[in-house]
Every structure is written in structure tokens, then in C-alpha cells.
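Working notes, structure below.
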Amino acid sequence: MKVLVVNSGSSSIKYQLFDMTDESVLAKGLVERIGISDSIINHYPSDREPVITHQDIPNHRVGIKLMMDALLHSEYGVIKDVSEISAVGHRVVHAGEKFSGSVLLTDEVMDALKECIELAPLHNPPNILGIEVCKELMPGIPQVGVFDTAFHQTIPECAYLYGIPYKFYKKYKVRRYGFHGTSHKYVAQRAAEILEKPLEELKIITCHLGNGSSITAVKNGISIDTSLGFGTVAGIIMGTRCGDFDPAIIPFLMDKEKLTVEEINKIIYKESGFLGLSEGISSDKRDLRERANQGDERAIRTISAFTYGIKKYIGAYAAAMGGVDAIVFTAGIGENSKETRAEACEGLEFLGVKIDPEKNKVSAKEAIISNDDSKVKIMVIPTNEELMIAKDTAEISANL
Ligand code: AMP
88 MKVLVVNSGS SSIKYQLFDM TDESVLAKGL VERIGISDSI INHYPSDREP
138 VITHQDIPNH RVGIKLMMDA LLHSEYGVIK DVSEISAVGH RVVHAGEKFS
188 GSVLLTDEVM DALKECIELA PLHNPPNILG IEVCKELMPG IPQVGVFDTA
238 FHQTIPECAY LYGIPYKFYK KYKVRRYGFH GTSHKYVAQR AAEILEKPLE
288 ELKIITCHLG NGSSITAVKN GISIDTSLGF GTVAGIIMGT RCGDFDPAII
338 PFLMDKEKLT VEEINKIIYK ESGFLGLSEG ISSDKRDLRE RANQGDERAI
388 RTISAFTYGI KKYIGAYAAA MGGVDAIVFT AGIGENSKET RAEACEGLEF
438 LGVKIDPEKN KVSAKEAIIS NDDSKVKIMV IPTNEELMIA KDTAEISANL
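Per my numbering, numbering through the sequence shown is continuous, rising by one, with the last residue being 487.
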């Protein structure tokens with residue numbers, strides 16, 4: 088069974104074709120700069136050299152058509168006919184409160200996703216567009232939606248409600264949703280497999296630390312709290328997003344700087360986090376580390392605020408779950424930065440968290456990095472959202 092995974096963003100489309108018999112990747116690729124000049128198709132067949140093509144790609148329809156052409160190409164394609172694709176899995180950012188798991192994308196589901204556009208105005212429209220074009224170009228092939236928010240629909244009311252008038256929840260569904268759900272679910276499942284324990288018996292804190300970051304408390308296999316919330320700015324500080332801060336700052340700054348809603352939004356989403364706190368050094372963690380190593384105070388304070396935030400969430404979620412069996416680090420920073428992992432775990436010995444500096448030298452591969460006598464297992468697990476999407480898609484389409 089072959090499953091195609093599509094992640095359709097505002098100006099790019101990422102894809103991976105899996106052979107689900109052994110979960111291997113037959114080809115993957117990235118269609119970039121859609122609707123902008125100098126569009127590119129990067130196609131990587133697993134058993135051949137990459138093929139990079141420059142071509143005008145005015146819209147998503149053309150982008151997805153070119154993705155299909157690459158997959159079917161006589162020289163560098165990996166399938167001979169579209170019918171070899173058993174199902175297509177789509178990453179969709181926001182499903183509101185409507186879905187707590189992956190589903191077949193029927194017309195009713197598409198209508199429900201369109202209703203969620205106001206909750207994710209930047210992300211859901213290109214996701215929906217990608218689905219519509221795939222439905223059109225691959226008629227009869229089941230299309231499945233896998234939602235970033237779905238894994239967090241198990242979060243209890245006490246953790247998803249904000250302390251603002253309840254009428255805003257009733258009127259506009261203002262609440263904590265959480266994101267990166269597919270990644271948190273994948274690494275929690277892998278942690279249980281590696282530890283050879285049932286997921287249903289474990290308390291795991293999953294730290295997805297990338298350009299966007301979130302931390303989740305996974306108790307007995309379900310998400311019970313997560314650091315991102317209504318939008319994608321809360322929690323720990325990120326590349327350009329602010330993380331938790333006092334909401335009173337928003338009207339204060341709007342008044343002082345005479346800011347519009349768009350301008351304050353730009354500040355909290357695009358000009359804050361690593362970039363803002365470091366006074367413009369970079370939104371990229373590697374650059375900050377390099378500057379911190381040279382003694383740059385701006386980089387040092389930014390990294391300290393970042394790792395302090397991770398530590399605080401680990402403590403909070405250990406309390407929320409009544410203990411913790413494993414802490415998992417994933418995504419760009421979590422998988423690669425031994426310094427971040429060490430700093431985040433420092434001082435948590437009282438919780439039974441003891442990192443092994445030698446084992447912690449690992450980068451981008453699965454490993455247990457805690458001391459043998461650490462009560463809490465500390466783990467590095469590279470995330471694989473595409474495989475998770477492919478697995479859900481295969482399962483749903485097999486049951487049709
Ligand atoms: P992601 O959004 O998951 O691609 O992660 C991007 C973040 O991971 C950026 O802040 C990068 O600086 C960081 N990152 C990637 N590779 C490394 C590395 N080898 N060491 C430290 N940080 C890294």
C-alpha cells in the first residue's frame with residue numbers, strides 16, 4: 088500500500104510517498120515559492136539523485152500537478168500510474184473542537200474545516216486548497232485529514248479554559264487548542280516502544296523545540312495539557328514568537344506606541360522570541376549559541392529565558408500528571424542541541440531527572456540520554472510527522 092502525504096502551506100507544498108509495507112519513503116519533495124518569482128521543485132527519489140527544477144508556479148493547482156508529474160516521471164518518478172497511490176494524507180493545522188482524530192475528508196468534513204478558518208486564517212486556507220486540488224487531480228483516491236489540534240482535544244476543561252468571561256468561549260470558542268499534535272503523539276508512541284512499556288501506563292513530557300515550540304503533558308497516552316494555546320504564540324519563547332507574557336502588555340503597548348491590531352500581531356508573532364529578545368541577532372538557535380559562546384550578553388539572556396521556560400513547563404507538567412516517567416526532546420533544537428537539553432534538565436534532580444553528559448552528545452537520532460540511575464528517562468526522538476500522517480491515513484483508508 089502506497090500513501091502520499093501532503094503538507095500544503097501558503098507558498099510551499101511538502102510531500103512524501105510512503106510504501107506502508109515497510110514504512111519506507113519512496114520519494115519526497117518540496118515545491119517552493121508558489122505564487123512568487125523563481126519557483127522551485129525539489130524532488131528526492133530515495134534510490135536516485137535529487138532533481139531540482141525551476142519553473143513558474145503561479146498557484147497550488149500547478150504546484151500539485153508538478154508534484155504528481157515528478158512522482159510519475161519516466162526517469163526520476165517512483166510510480167507508473169496514479170492508481171498506485173492508495174490514499175492521500177493531508178496535514179491540516181486547525182480542526183477546532185470538531186475532530187479529536189484523523190478522518191476521511193468528506194464534503195461535511197471540508198465544510199467543518201472551512202468553519203475553522205477564522206481560528207487559523209494563515210494556515211487552514213492553503214491546507215484546504217491543497218486538499219481540494221488533490222481531490223480534483225486524484226478522483227476516487229481517499230483523502231484523509233490529520234489535524235495538528237486533534238491530539239490535544241483530550242485536554243480537560245480546567246486546562247483548556249482561560250480566565251476570561253465564559254461568554255467568549257461560548258461565542259467564539261476562545262480556548263486552548265494546542266498544536267504540533269501529530270509530533271507529540273508520534274514521539275510519545277515511540278518513547279513507549281523504546282522503553283518497552285504500554286503508553287497507557289506512562290507519564291511523558293514531550294518537548295517539541297523547533298522554530299515553533301510546544302511542550303505537552305502526555306498522561307496514559309493522551310494529551311492533558313500543552314503550552315501552545317488559542318493561537319501559536321503562547322508557551323515557551325520561540326524563533327520569532329513571544330511565548331507566555333502578561334496580556335496587560337498588549338493594551339499598554341498599543342496605547343504607548345499607537346499600534347493597530349495588525350501591528351501588535353506582527354510584534355508578537357514575527358518580531359519577538361529569539362529575534363526580539365536578542366535585539367535582532369537571529370531567530371535561529373544556532374546563531375544565538377554561536378554568539379553566546381563569544382560572550383554576547385544579548386544571546387546569553389535569550390538562551391537563558393528559553394531554557395528557563397522549558398524547565399518551568401517540565402516542573403508544571405510533572406505536577407499536573409502527578410509524576411513523570413520520561414522527558415522527550417524532539418524537533419530541530421530538541422534533537423540537535425545538547426546544550427539546550429542539559430540546561431533544561433539542570434536542577435531537576437529533585438524530580439529524579441539526571442542527564443548523562445556523554446549520552447547527551449547525541450544528535451538527530453533516537454537515544455536515552457539519562458544516567459542509568461535516573462528515575463526519569465530522558466530521551467531524544469527525532470519527530471516524524473509525515474510517517475504519523477501516513478499511518479493514520481493507511482488505517483483509515485484500509486477500513487473503508
Ligand atoms: P525546526 O523548526 O524543527 O526545523 O527547528 C529549527 C530550529 O532548530 C532552529 O532554531 C535551528 O537553529 C535549530 N537547529 C537545527 N539544527 C541544530 C543544531 N545542529 N544545533 C542546534 N540547533 C539546531
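Every residue, glycine too, gets a C-beta built ideally from N, C-alpha and C.
- Message: Which residue marks the beginning of the alpha helix (DSSP H) containing residue 439, and which one marks its end?
- Response: From DSSP, residue 439 is part of no alpha helix (DSSP H); its letter is neither H nor E.
Do residue 423 and the ligand AMP come close, with the Cβ less than 8 Å from some heavy atom?
yes
Taking 8 Å as the threshold, find out whether the segment 261-271 comes into contact with the segment 464-476 through three or more Cβ pairs. yes
Classify residue 349 as buried or exposed, calling it buried when 16 or more other Cβ atoms lie within 10 Å of its own Cβ.
Exposed, because fewer than 16 other Cβ atoms sit within 10 Å of the Cβ of residue 349.
> By how many angstroms is the C-alpha of residue 334 removed from the C-alpha of residue 181?
Replying inline: 23 Å
**Message:** Does the beta-carbon of residue 361, which I'm using as the reference point, lie nearer than 8 Å to any heavy atom of the ligand AMP?
**Reply:** Residue 361: yes, Cβ under 8 Å from the ligand AMP.
Nearest by alpha-carbon distance to residue 292: which of 460, 487 and 432 is it? 432
- Where residue 158 sits in the DSSP three-state scheme: helix
Cβ distance (whole Å) where residue 405 is taken to contact residue 438 below 8 Å
Cβ-Cβ separation between residue 405 and residue 438: approximately 6 Å, consistent with a contact (criterion under 8 Å).
- request: Less than 8 Å between the CB atoms is what I'm expecting for residue 179 and residue 234, so what's the real figure, rounded?
  value: 5 Å
>> My parser needs the beta strand (DSSP E) runs of 3 or more residues fully inside the segment 149-222; what are they?
In response: 172-179
Quiz prompt | One or two residues paired with residue 130 in a DSSP bridge | solution = 116 and 138
Buried or exposed for residue 391, please, with buried defined as at least 16 other CB atoms from any protein chain shown within 10 angstroms of its CB.
-> exposed
Can you tell me where the beta strand (DSSP E) with residue 301 in it begins and where it stops? For residue 301, the uninterrupted beta strand (DSSP E) run begins and ends at 300-306, by DSSP.
**Asked** For residue 296 versus residue 96, is the C-beta distance shorter than 9 Å?
**Response** Remark: C-beta atoms of residue 296 and residue 96 do not approach each other more closely than 9 Å.
key: 8 Å CB neighbourhood of residue 132 in its chain, flanking five on each side removed   = 113, 114, 138, 163, 164 and 165
The segment 321-330 / the segment 299-310 touching (three or more Cβ pairs under 8 Å): yes
If you check the beta carbons only, do residue 141 and residue 126 fall under 9 Å apart?
yes
Give the DSSP bridge partners of residue 375, in chain order. DSSP output for residue 375 lists no bridge partner at all.
Requested in this report: Could you check which residue in 111, 184, 415 and 444 has the C-alpha nearest to that of residue 238?
Outcome: Checking every option, the nearest Cα to that of residue 238 belongs to 184.
Assuming residue 475 is part of the alpha helix (DSSP H), what are its boundary residues? 472-485
Rounding to the nearest angstrom, what Cα-Cα distance links residue 101 and residue 190 in this structure? 20 Å
**Message:** Could you check whether the segment 253-267 touches the segment 382-396, counting it as contact only if at least three pairs of C-beta atoms, one from each stretch, sit closer than 8 Å?
**Reply:** no
Exercise. For the alpha helix (DSSP H) that contains residue 462, what are its first and last residues?
Worked result: Residue 462 -> no alpha helix (DSSP H), and no H or E assigned at all.
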